[in-house]
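Heads up: the structure comes next, in structure tokens.
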Amino acid sequence: MWFRNNKTGSKLPPLADSPDPVENNRLPPGIYNNFSYEFFNAVMFQCFGTAVILFIRQSGASAFLVGSLSAFPLLLMPIILFASQFVEKVGYRRIALTCWTLRWVVCSFLIWIALLDFPGFGAWRVPLVLLVIFLFHLLRNLGISASNPWLTAIIPTGRRGLYLSRAQLFSNLGSVGALLIIGLILGNSPTLSQFAPVFVIGAIGGLVSSFFMSRIQPPPKPARPKTSQKGPQRTFWAGFKRCFAQPGFISFVIIQSFYGLAFVSIPSLSLIYLREKVGISPSIISFFSTAGVAGATVAALFWGRWIDRRGITSLQLLAFVGLCFNSVLWFTIGLFGANEANIAMAALVSFLSAVWISALNMSQTHSIMAMAPVEDRVLFQNVAVLMTYLTQALAPMLWGIMLDTLDHNAFSVKLGGLDIGAYRVFFLASLILGLIGATFLLRRNRLNRQTGELEE
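The opening position of the sequence shown corresponds to residue 340 in the working numbering, with each subsequent residue numbered one higher.
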């Protein structure tokens with residue numbers, strides 16, 4: 340069988356040997372604060388995520404600019420890498436809480452961008468939204484560089500899968516509520532000012548999430564070595580190279596690259612496809628997006644236990660196969676004309692996509708936690724996040740350029756009587772790249788099994 344027990348994949352260090360300062364195998368006290376934070380953070384993220392994509396597209400942004408929203412994390416990562424030592428000196432909790440609070444404060448300016456309407460302002464609306472999202476990702480990256488080591492320090496090694504599944508569950512519940520409210524507010528043909536109440540709800544969600552984050556258990560204070568015991572100071576580039584020497588890191592980068600190139604662009608660019616090519620209204624898109632969150636909620640009940648018991652590689656392989664099947668389903672939506680069946684199909688694909696993406700996101704976070712050394716932990720986790728962003732941030736922008744170009748030239752191919760346009764070419768390309776990634780994972784999984792048999 341493919342899905343045999345292989346705890347963290349090929350060449351990853353055993354979880355039991357992870358040198359974390361947690362002395363027991365229980366979730367930390369006051370864990371409900373973590374879960375409450377995840378709930379309200381998801382409310383904020385949906386209001387400033389899905390709604391912003393619809394808002395900026397309605398304001399006149401091209402598919403390239405919509406895809407560029409996902410490139411900001413990558414563009415800002417070099418700044419965050421050099422700030423690693425600063426994060427460790429100031430403290431994980433202080434940096435994370437400050438950046439997470441400023442994040443929703445900055446996004447609150449979207450309320451005024453949606454409400455203001457005077458001669459000449461329309462030309463500035465899209466650039467202002469891009470500026471706000473740019474600052475959002477700058478603060479988000481700084482916050483992640485502190486929050487990931489914070490969680491690694493307080494969550495016991497043997498309970499990380501359980502914690503991630505529960506955190507995902509609360510996050511999905513918040514997303515469901517937010518998407519339902521967004522759908523009710525926007526309606527079928529929303530004006531730009533109708534997005535303002537959505538952004539108000541996002542700001543409130545951010546405020547409450549910051550409150551619960553402030554109540555999360557602080558990380559333990561590391562022991563400070565005496566001056567006489569300090570070794571030679573390593574340069575930044577020495578620490579950077581050390582990350583790539585970590586066992587399993589290169590395989591991790593390859594898997595994340597295939598995931599980014601093949602599938603990460605679909606959630607954002609498919610909104611344009613459903614709105615403009617299939618003819619589904621924004622309110623319905625928001626409503627059936629809850630089907631996707633429901634899929635992630637159901638998956639969250641299983642994937643954490645899967646990781647703890649069966650390992651990461653098998654779950655990644657299953658998710659890649661599922662996302663390849665989803666690319667086939669995306670290709671068929673709207674293929675035989677506009678009808679109500681497209682809405683049901685889109686809801687089904689959203690549900691399944693969330694199931695598989697949830698698995699890959701959990702495995703990604705768990706891999707970074709498992710591989711991270713105690714020394715240079717912040718730098719390592721920042722480098723790992725950078726390598727995931729390398730394709731996951733650039734791919735939507737590059738696919739957006741392709742879609743804009745093909746749409747501008749009215750690209751269309753007749754294949755057996757079927758009309759194959761730009762977006763269906765995109766879905767076929769994602770299928771091909773996904774199959775290559777699944778093949779890599781299959782070979783990796785078989786190698787893990789053979790290695791395990793030889794060691795036994």
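Think of the CB as a built atom: it goes at the ideal place given N, C-alpha and C, for glycine as much as any other residue.
Starting from residue i, trace the alpha helix (DSSP H) both ways and give me its first and last residue.
i      : result
Gly599 : Per DSSP, Gly599 belongs to no alpha helix (DSSP H) and is neither H nor E.
Gly618 : Taken as a continuous stretch (DSSP letters only), Gly618 belongs to no alpha helix (DSSP H), as it is neither H nor E.
Ile520 : 499 to 525
Gly406 : 402 to 407
Ile759 : Taken as a continuous stretch (DSSP letters only), Ile759 belongs to no alpha helix (DSSP H), being part of the beta strand (DSSP E) at 757 to 760.
Leu470 : 461 to 493
Thr312 : This structure gives no information on residue 312, because the portion of the chain shown stretches from 340 to 795.
Phe374 : 370 to 386
Ser837 : Given that the chain is displayed from residue 340 to residue 795, the structure contains no residue 837 and the question cannot be resolved.
Ile611 : 605 to 611
Quick check: the Cα distance between residue i and residue j, rounded to an integer number of angstroms?
i      : j      : result
Tyr502 : Ser553 : 19 Å
Asn527 : Gly760 : 25 Å
Leu640 : Ile651 : 16 Å
Ser697 : Phe384 : 16 Å
Gly482 : Asn721 : 11 Å
Thr629 : Ile540 : 17 Å
Gln731 : Val603 : 6 Å
Phe670 : Ala777 : 19 Å
Pro360 : Arg499 : Low confidence applies here, because Pro360 scores a pLDDT of 43, under 50, leaving its location unreliable and the question unanswered by this model.
Asn363 : Ile524 : Its pLDDT being 49, under 50, Asn363 is placed unreliably by the model, and the measurement read from it follows with that caveat. Between Asn363 and Ile524, the C-alpha separation is close to 47 Å.
Gly661 : Trp695 : 6 Å
Leu691 : Leu613 : 17 Å
Ala768 : Val617 : 20 Å
Pro495 : Gly599 : 29 Å
Ser549 : His476 : 17 Å
Asn681 : Ile619 : 9 Å
Lys569 : Tyr371 : Confidence in Lys569 is poor, its pLDDT being 49 and thus under 50, which makes the residue's placement unreliable; the coordinate value appears in the next sentence. Roughly 39 Å between the two C-alpha positions.
Arg783 : Phe765 : 27 Å
Thr389 : Leu455 : 21 Å
Cys582 : Ser622 : 45 Å
Ala638 : Pro458 : 48 Å
Lys753 : Ser666 : 20 Å
Asp647 : Leu449 : 41 Å
Asp758 : His747 : 17 Å
Leu780 : Trp463 : 46 Å
Thr636 : Ala506 : 10 Å
Ser609 : His705 : 28 Å
Ala584 : Trp451 : 48 Å
Trp439 : Val688 : 32 Å
Ile555 : Glu679 : 46 Å
Val391 : Val405 : 9 Å
Ser838 : Trp645 : This structure cannot speak to residue 838, because the chain is shown only from 340 to 795.
Could you give the residue range of the beta strand (DSSP E) that holds residue i?
i      : result
Ile707 : Run containing Ile707: none in the beta strand (DSSP E); it sits in the alpha helix (DSSP H), 680 to 710.
Ser653 : Ser653 -> not in any beta strand (DSSP E); alpha helix (DSSP H) instead, spanning 652 to 671.
Leu531 : Neither: Leu531 is in no beta strand (DSSP E) and is coded neither H nor E.
Ser751 : 751 to 754
So is residue i in contact with chain D if we call contact Cβ pairs under 7 Å?
i      : result
Phe475 : In the structure shown, chain D cannot be found, because there is only a single protein chain.
Just to confirm, is the Cβ distance from residue i to residue j under 7 Å?
i      : j      : result
Gly634 : Ala723 : no
Asp743 : Phe403 : yes
Gly369 : Ala601 : no
Ile521 : Val537 : yes
Leu770 : Cys663 : yes
Pro558 : Ala492 : yes
Pro735 : Ser607 : yes
Ser401 : Ala453 : no
Met708 : Gly587 : no
Gly631 : Ser504 : no
Arg442 : Leu478 : yes
Phe597 : Tyr376 : no
Val465 : Ser398 : yes
Asn480 : Leu415 : yes
Gly544 : Phe379 : yes
Leu474 : Val445 : yes
Phe719 : Phe534 : no
Please indicate yes or no: does the CB of residue i lie closer than 6 Å to some heavy atom of the ligand NAP?
i      : result
Gln655 : Summarising the ligand content, the structure contains no ligands, and the ligand NAP is consequently not present.
At least 3 beta-carbon pairs within less than 8 Å: the region 693 to 710 vs the region 647 to 663: yes
Would you call the region 487 to 495 in contact with the region 591 to 600, where contact means no fewer than 3 C-beta pairs closer than 8 Å? no
Check whether the region 502 to 517 and the region 454 to 472 touch, using three or more Cβ-Cβ pairs below 8 Å as the test. no
Contact between the region 502 to 512 and the region 372 to 386: three or more CB pairs below 8 Å? Yes, the region 502 to 512 touches the region 372 to 386.
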